[in-house]
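Numbering (this note's numbering), first residue to last: 780 to 921.
The structure is reproduced here in structure tokens:
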């Protein structure tokens, strides 16, 4: 598989889940902390929160991109939302795994059109493509 890269960025983490992560340009500087549910003190953000934020934003962008190329399809309303819920836990075969659920709200868009748009976006979204076959992703149109 070949990717025609249009943009790259880097972030450097120190201290692991109880540390800090900073982007190369300094625009994102996040204190990291282990969630209470995983034995930490819950202070700071965690990689799952960052993944949820990125996936939800990327998926909404993918819906807008798909809609802009489909002259007969629905437009993504300004008040559309994507809520990504990301879970982490031990896998039965060892190691840890993550799950993702996307709750998509497209106010004013008929359900059938909304579902078609969501399914098309799921095929082009970089996060969806990166997780396909590796992460259980559930899509729900609200």
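Where a beta carbon is used, it is the ideal one built from N, C-alpha and C, also for glycine.
Spatially closest choice to residue i from the options, by CA coordinates
{"i": "residue 878", "options": "889, 826, 920", "result": "826"}
{"i": "residue 882", "options": "919, 815, 829, 872", "result": "919"}
{"i": "residue 818", "options": "868, 876, 892", "result": "868"}
CA-to-CA distance, residue j to residue i, given in whole angstroms
{"i": "residue 792", "j": "residue 810", "result": "10 Å"}
{"i": "residue 790", "j": "residue 806", "result": "10 Å"}
{"i": "residue 894", "j": "residue 921", "result": "10 Å"}
{"i": "residue 897", "j": "residue 830", "result": "19 Å"}
{"i": "residue 846", "j": "residue 781", "result": "25 Å"}
{"i": "residue 783", "j": "residue 905", "result": "13 Å"}
{"i": "residue 816", "j": "residue 886", "result": "34 Å"}
{"i": "residue 838", "j": "residue 799", "result": "26 Å"}
{"i": "residue 908", "j": "residue 834", "result": "11 Å"}
Residue j beta carbon less than 9 Å from that of residue i
{"i": "residue 796", "j": "residue 821", "result": "no"}
{"i": "residue 899", "j": "residue 849", "result": "yes"}
{"i": "residue 884", "j": "residue 858", "result": "yes"}
{"i": "residue 903", "j": "residue 853", "result": "no"}
{"i": "residue 863", "j": "residue 844", "result": "no"}
{"i": "residue 787", "j": "residue 804", "result": "no"}
{"i": "residue 828", "j": "residue 865", "result": "yes"}
Reduced DSSP category for residue i - H, G, I as helix; E, B as strand; rest coil
{"i": "residue 866", "result": "strand"}
{"i": "residue 799", "result": "strand"}
{"i": "residue 810", "result": "strand"}
{"i": "residue 880", "result": "strand"}
{"i": "residue 787", "result": "coil"}
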